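Please read the structure below before turning to the comments.
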Amino acid sequence: MDKQRPPGYTGYPGTQAGYPVPPAGYSGAGPVGFPVPYQPVTSQPGVPAGVPWMPAPPPPLNCPPGLEYLTQIDQLLIHQQIELLEVLTGFETCNKYEIKNSLGQRIYFAAEDTDCCTRNCCGPSRPFTIRILDNTGREVITLERPLRCTSCCFPCCLQEIEIQAPPGVPVGYVTQTWHPCLPKFTLQNERREDVLRITGPCIVCSCCADVDFEIKSLDDKYVVGKISKQWTGFVRELFTDVDNFGIQFPLDLDVKMKAVMLGACFLIDFMFFEMTRSEQRAGVW
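Per this note's numbering: the sequence shown ends with 292, consecutive numbering throughout.
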């Protein structure tokens, strides 16, 4: 996608000072300046096999451990896995996702961590923890969504998600901005400073077409990327709540903000597209 840049644009900051350098012996990374041999990981507990992993690039200075994968890409593909038990019974199970680059190489594996009661009583509005793992099975990103009211009549209880990288260290937040018609969100850094905005369409419908949420500058003048809910076909859309997403962003965007966009994608999925089969059928019929 051809992204407009503000006049004098020289790129977003590559890293932010004050973050500890990954320790010596950090798994998945080699010495700076040397190529990392590609050793695809095809088997790992809890992670589907058969898809090659993206080779880990050398970590830049002050890059949170595990986010070095994001330094060399400008696009992410998120594929939710089909859960057979959920398809057959409608019983809500923990969501699992593969996160890939544009070449189809797996970058991360994401898994929801919620209890059975929360999933089936709160539905898409449920609070959740999503743990994102790298090719060694190490948790590198944690997404925390608190329980909030979903009614548009209560702008004091808007949705939010916290992005941590590594777990326990916040690197950014996604907060919903109240609007009577449009889905709007603000991307913030770890200091709660506004960085970018997201604006979605008035009617969030994925029937036979992708749904795009534009990522814009704070003044809404420049589009710097987008989050797209991809149309997966009539049968899959009708009988499952499995969704595919694509995220596009500038290659030189701060890796922390790329991780925040990933968190925004999961929040958007749960807010607008994570419906049960009965809800989907009612919407179609």
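Where is the CB? At the ideal position from N, CA and C, for every residue including glycine.
This structure is a prediction, so every number in the text was calculated from the model and none was measured.
Cβ separation of Ile168 and Gly232, assumed to be a contact under 8 Å, to the nearest whole Å: Residue mapping note: residue 168 aligns to position 161 of the sequence shown, counting from 1. Residue mapping note: residue 232 aligns to position 225 of the sequence shown, counting from 1. That belief does not hold up - the Cβ atoms of Ile168 and Gly232 are roughly 18 Å apart, past 8 Å.
Arg204 in three-state terms, based on DSSP: Locating residue 204 in the sequence shown gives position 197, counting from the first residue. In this structure, Arg204 counts as strand in the three-state DSSP scheme.
First and last residue of the uninterrupted beta strand (DSSP E) at Asn251: Residue mapping note: residue 251 aligns to position 244 of the sequence shown, counting from 1. Per DSSP, Asn251 belongs to the beta strand (DSSP E) from Asn251 to Gln255.
Top-ranked residue by Cα proximity to Pro257, from Gly111, Asp81, Ile234 and Ala118: For the purposes of this step, residue 257 is identified with residue 250 of the sequence shown, where counting begins at 1. Ranking Gly111, Asp81, Ile234 and Ala118 by Cα distance to Pro257 puts Asp81 first.
Nearest-angstrom beta carbon gap, Leu194 and Thr206 [assumed within contact, 8 Å]: Mapped onto the sequence shown, residue 206 falls at position 199. Mapped onto the sequence shown, residue 194 falls at position 187. Rounded, the Cβ-Cβ distance is 12 Å, inconsistent with contact.
Residue span of the beta strand (DSSP E) that contains Val181, given as start and end: Sequence index remark: in the sequence shown, residue 181 carries index 174 (1-based). Segment Pro177 to Thr184, the beta strand (DSSP E) holding Val181.
Cross-strand partners of Thr149 (DSSP beta bridge): Here residue 149 refers to the residue found at position 142 of the sequence shown. DSSP output for Thr149 lists Arg138 and Gln171 as bridge partner(s).
Assumed close pair Ala172, Ile148 - CB separation to whole angstroms, cut-off 8 Å: The sequence position of residue 172 within the sequence shown is 165, counting from 1. The sequence position of residue 148 within the sequence shown is 141, counting from 1. Confirmed, about 5 Å.
Asp259 beta carbon near the ligand COA (any heavy atom closer than 7 Å): Annotation note on the ligand COA: not contained in the displayed structure, which lists no ligands.
Three-state class that DSSP yields for Gly232 in the structure shown: The sequence position of residue 232 within the sequence shown is 225, counting from 1. Strand, per DSSP.
Unbroken beta strand (DSSP E) run spanning Ala118, endpoints: In the sequence shown, counting from the first residue as 1, residue 118 sits at position 111. Ala118 -> beta strand (DSSP E) spans Arg113 to Glu119.
Collapsed DSSP secondary structure at Gly40 in the structure displayed: For this step, residue 40 is matched to residue 33 along the sequence shown. Because Gly40 sits at a pLDDT of 35, beneath the cut-off of 50, its placement in the model cannot be relied upon, and the point is left open.
First and last residue of the uninterrupted alpha helix (DSSP H) at Phe273: Position 266 of the sequence shown, counting from 1, holds the residue named residue 273. Residues Val262 to Ile275.
Cβ contact (3+ pairs, closer than 8 Å) linking the segment 106-124 and the segment 132-147: yes
Nearest to Met61 (by Cα), restricted to the options Pro67, Leu68, Cys70 and Leu83: Start at 1 with the first residue of the sequence shown, and residue 61 comes out as number 54. Looking at the Cα atoms, Leu83 is the closest of the given residues.
Close Cβ partners of Glu197 (< 7 Å) along its chain, the five nearest in sequence each way excluded: Locating residue 197 in the sequence shown gives position 190, counting from the first residue. Once the five neighbours on either side are set aside, the close Cβ partners of Glu197 are Pro177, Val178 and Gly179.
Given Arg145 as reference, the closest of Met264, Leu74, Asp219 and Leu225 once Cα atoms are compared: Working through the sequence shown from its first residue, we reach residue 145 at position 138. If we check each option's Cα against that of Arg145, Leu74 comes out closest.
Cβ distance (whole Å) where Ala266 is taken to contact Leu77 below 8 Å: As a first step, residue 266 is located in the sequence shown; it is residue number 259 there, counting from the start. As a first step, residue 77 is located in the sequence shown; it is residue number 70 there, counting from the start. Sure, about 7 Å apart at Cβ, within 8 Å.
Asp276 to Lys107 span [Cα, whole Å]: The count along the sequence shown starts at 1 and reaches residue 276 at position 269. The count along the sequence shown starts at 1 and reaches residue 107 at position 100. Distance between the alpha carbons of Asp276 and Lys107: 17 Å.
For Pro72, the nearest candidate out of Glu151, Gln88, His86 and Pro174 (CA to CA): For the purposes of this step, residue 72 is taken as the residue at position 65 of the sequence shown. With distances taken between Cα atoms, Pro72 lies closest to Pro174.
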